[in-house]
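For reference, the structure is listed below as structure tokens.
Residue numbers (full-length UniProt numbering): 1 to 507.
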């Protein structure tokens with residue numbers, strides 16, 4: 001009996017020891033909740049989203065989700081962080097009028113832990129970015145690959161988060177697209193160099209400790225994020241932006257988890273990871289859509305309301321009416337087919353400068369205008385950039401090159417051109433110019449062409465336009481102002497008015 005009892009005790013003891021060891025192993029594995037947004041483009045207010053009832057999206061609903069998810073994580077003994085993956089600015093009058101001060105205030109109130117610099121943060125100039133965004137943020141504004149002309153770094157390159165009770169040190173690195181110089185006016189990024197983000201990350205992270213959790217907060221686009229994952233597997237998680245991709249389930253490339261939450265504050269991204277000594281052992285991700293059923297956070301709503309009241313004094317003014325849907329959606333204006341809004345604004349640019357043709361990049365047009373009253377706010381939403389109109393001389397050969405370059409761009413590229421006065425025909429090699437201003441095209445002739453100052457300076461990669469243009473005359477006229485004046489003059493954009501412009505030879 002004594003021996004049996006002794007053996008029994010020993011067995012129980014071994015079981016207990018095994019149980020304890022197992023519990024210690026589980027305790028070493030900790031969960032972390034990563035909440036994220038990207039590319040809100042100043043869509044701070046709720047708005048109508050196609051296919052959804054009521055007003056959806058916006059920062060007040062996002063804050064309700066963030067608060068609820070953080071609270072749930074706390075109850076489950078889980079730590080959480082919140083990240084913004086760039087392009088806070090540009091897209092609504094909130095950005096046009098307040099230049100980032102409202103966006104920064106909202107991010108502070110929403111308790112984000114870090115933000116990466118997006119290309120559109122530069123659209124009001126680097127001085128505005130430094131003063132109104134960086135100067136007002138209570139969190140790190142990251143970008144490791146932006147360098148000043150004197151080799152200093154204008155933004156924090158990395159950040160370290162050490163959460164109480166969370167074993168792993170969290171290393172954040174911010175990466176901004178190196179295509180920024182061709183995505184904004186050159187003057188907006190004067191004195192700055194955008195280095196290769198992937199090479200930068202690999203260099204900076206080469207000494208990262210195995211027990212560190214490395215998160216890349218990027219504004220590169222999902223395709224570049226995949227390349228980053230292949231080149232730099234020391235990264236554990238990439239929270240990205242720029243391509244406006246709604247990844248309802250995270251991608252995994254080379255063992256690296258890649259997340260992105262669409263655009264325009266339509267979603268809050270949620271990634272839960274299990275971490276053991278810096279290694280991610282499990283993950284689960286989803287996007288939470290900000291539908292009208294989600295209540296608005298009162299504090300965020302109150303802040304937005306204050307700014308909205310300031311806007312309404314000027315923006316609710318009705319300047320005219322349209323009987324026709326003016327197509328300016330992202331997918332339409334960034335394709336190879338013309339849209340009536342793109343052609344209309346090109347026509348207005350052409351006639352106001354006495355040119356033979358006109359070009360505007362599709363990325364300059366940010367929204368459609370539905371039938372009904374047209375307010376100043378609608379125009380500021382459709383044309384939020386402060387682009388002016390320039391008249392330049394181009395040879396027919398250069399103009400043909402520019403049109404071929406537009407055609408060769410990938411779908412959804414902001415460099416896809418909308419035009420007026422340029423008649424194209426289909427060929428085996430893509431569209432070719434057949435007429436300019438109604439006359440047969442001559443590649444040796446010189447044509448006067450109206451373009452935005454953005455394009456004239458080589459924006460969207462149109463270097464032939466930048467380098468070969470002659471007799472430049474910058475009118476100083478804003479695209480937005482010209483469209484406003486046209487609508488006020490005509491009062492109503494009817495089908496007949498639009499047909500006379502778009503199809504001048506049809507009668």
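Note that the Cβ used here is the ideal one computed from N, Cα and C, for glycine as well.
- Please report how far the alpha carbon of residue 427 lies from the alpha carbon of residue 406, in whole angstroms. On the chain shown, residue 427 is found 427 positions in, with the first residue counted as 1. On the chain shown, residue 406 is found 406 positions in, with the first residue counted as 1. Whole-angstrom Cα-Cα distance: 15 Å.
- Quick one: which unbroken alpha helix (DSSP H) runs of 4-plus residues sit fully inside the stretch 49-124? Chain order, please. Fully enclosed alpha helix (DSSP H) runs of 4 or longer: 59-75, 93-98 and 101-109.
- Item | Proximity of residue 196 and residue 214 at Cβ, strictly below 8 Å | Here residue 196 is taken as the residue at index 196 of the chain shown, counted from 1. Here residue 214 is taken as the residue at index 214 of the chain shown, counted from 1. Taking 8 Å as the Cβ cut-off, residue 196 and residue 214 do not qualify as a contacting pair.
- Task: With DSSP as the reference, label residue 333 as helix, strand or coil.
- Result: By 1-based counting over the chain shown, the position of residue 333 is 333. Under the three-state reduction of DSSP, residue 333 is assigned to helix.
- Message: Along the chain, where does the alpha helix (DSSP H) containing residue 454 start, and where does it finish?
- Response: Here residue 454 is taken as the residue at index 454 of the chain shown, counted from 1. That run of the alpha helix (DSSP H) goes 453-456.
- Item | Limits of the unbroken beta strand (DSSP E) element including residue 308 | As a first step, residue 308 is located in the chain shown; it is residue number 308 there, counting from the start. Here residue 308 belongs to no beta strand (DSSP E); instead the alpha helix (DSSP H) covers 298-315.
- Message: Rounding to the nearest angstrom, what Cα-Cα distance links residue 487 and residue 143 in this structure?
- Response: Here residue 487 refers to the residue found at position 487 when the chain shown is read from its first residue. Here residue 143 refers to the residue found at position 143 when the chain shown is read from its first residue. Taking the CA atoms as reference points, residue 487 sits about 42 Å from residue 143.
- Item | Closest Cα partner of residue 349 within the set 30, 463, 172 and 477 | Taking the chain shown and counting its residues from 1, the one referred to as residue 349 is at position 349. Nearest option by C-alpha distance: 477.
- Task: Could you tell me which residues DSSP puts in a beta bridge with residue 420?
- Result: Numbered from its first residue, the chain shown carries residue 420 at position 420. Per the DSSP secondary-structure output, residue 420 pairs in a beta bridge with 358.
- Message: Do residue 297 and residue 60 count as a contact pair if the criterion is CB distance below 8 Å?
- Response: On the chain shown, position 60 is the one that residue 60 refers to. On the chain shown, position 297 is the one that residue 297 refers to. The answer is yes: Cβ separation under 8 Å.
- Query: Does the beta carbon of residue 28 sit closer than 8 Å to a beta carbon anywhere in chain B?
  - Reply: No chain B is present in this structure, which holds just one protein chain.
- Task: Note down, in chain order, each residue of its chain lying with its Cβ closer than 6 Å to the Cβ of residue 307, except the 5 sequence neighbours on either side.
- Result: The count along the chain shown starts at 1 and reaches residue 307 at position 307. Apart from sequence neighbours up to five positions away, the residues of its chain that approach residue 307 with a beta-carbon distance below 6 Å are 102, ordered along the chain.
- Item | C-alpha gap between residue 165 and residue 78, whole angstroms | Sequence index remark: in the chain shown, residue 165 carries index 165 (1-based). Sequence index remark: in the chain shown, residue 78 carries index 78 (1-based). Rounded to whole angstroms, residue 165 and residue 78 show a C-alpha spacing of 9 Å.
- Extent of the continuous alpha helix (DSSP H) run through residue 486: Numbered from its first residue, the chain shown carries residue 486 at position 486. Per DSSP, the unbroken alpha helix (DSSP H) holding residue 486 starts and ends at 479-490.
- Cut-off 7 Å between Cβ atoms - residues of its own chain near residue 21, not counting five sequence neighbours on either side: The sequence position of residue 21 within the chain shown is 21, counting from 1. Interpretation of residue 21 is limited by its pLDDT of 42, a score under 50 that renders its predicted location unreliable; no figure is taken from the coordinates.
- Count the other C-beta atoms from every protein chain shown that fall within 10 angstroms of the C-beta of residue 322, then say buried if there are 16 or more, exposed otherwise. On the chain shown, residue 322 is found 322 positions in, with the first residue counted as 1. Buried.
- Message: Going by beta-carbon coordinates alone, are residue 128 and residue 183 separated by less than 8 Å?
- Response: In the chain shown, residue 128 corresponds to position 128, counting from 1. In the chain shown, residue 183 corresponds to position 183, counting from 1. No, the pair does not count as a contact, with Cβ atoms beyond the cut-off.
- Task: Please name the residue or residues paired with residue 508 in a DSSP beta bridge.
- Result: This structure leaves residue 508 out entirely; the chain is present only between 1 and 507.
- Task: Taking 8 Å as the cut-off, decide whether the C-beta atoms of residue 333 and residue 482 are in contact.
- Result: As a first step, residue 333 must be located in the chain shown, where it is residue number 333. As a first step, residue 482 must be located in the chain shown, where it is residue number 482. In this structure, residue 482 does not lie closer than 8 Å to residue 333 by Cβ.
- Item | Whole-angstrom distance between residue 496 and residue 95, CA atom to CA atom | Locating residue 95 in the chain shown gives position 95, where the first residue counts as 1. Locating residue 496 in the chain shown gives position 496, where the first residue counts as 1. Approximately 35 Å between the Cα atoms of the pair.
- Inter-residue spacing [alpha-carbon to alpha-carbon] between residue 338 and residue 501: In the chain shown, counting from the first residue as 1, residue 338 sits at position 338. In the chain shown, counting from the first residue as 1, residue 501 sits at position 501. Computed Cα separation, rounded: 13 Å.
- Message: Can you find the residues in the same chain that come closer than 7 Å, C-beta to C-beta, to residue 325, ignoring five residues on each side of it along the sequence?
- Response: Within the chain shown, residue 325 is the residue found at index 325, counting from 1. Cβ neighbours of residue 325 beyond the five flanking positions: 368, 370 and 371.
- Query: If you pair each beta-carbon of the stretch 214-227 with each one of the stretch 147-154, do three or more pairs fall below 8 Å?
  - Reply: Segments in contact, no.
- Is the beta carbon of residue 148 less than 8 Å from the beta carbon of residue 194? Position 148 of the chain shown holds residue 148. Position 194 of the chain shown holds residue 194. Against a cut-off of 8 Å, the Cβ pair of residue 194 and residue 148 comes out as no contact.
- Item | Rounded straight-line distance, which links the Cα of residue 126 to that of residue 23 | As a first step, residue 23 must be located in the chain shown, where it is residue number 23. As a first step, residue 126 must be located in the chain shown, where it is residue number 126. Low local confidence applies: a pLDDT of 44 at residue 23 is under 50, so the model's placement there is unreliable, with the coordinate-based value given in what follows. Linking residue 23 to residue 126 through their CA atoms gives a straight-line distance of about 52 Å.
- Query: Using CA coordinates, which residue listed in 356, 130 and 378 is at the minimum distance from residue 447?
  - Reply: Within the chain shown, the letter at position 447 stands for residue 447. That would be 356, whose Cα lies nearest to the Cα of residue 447.
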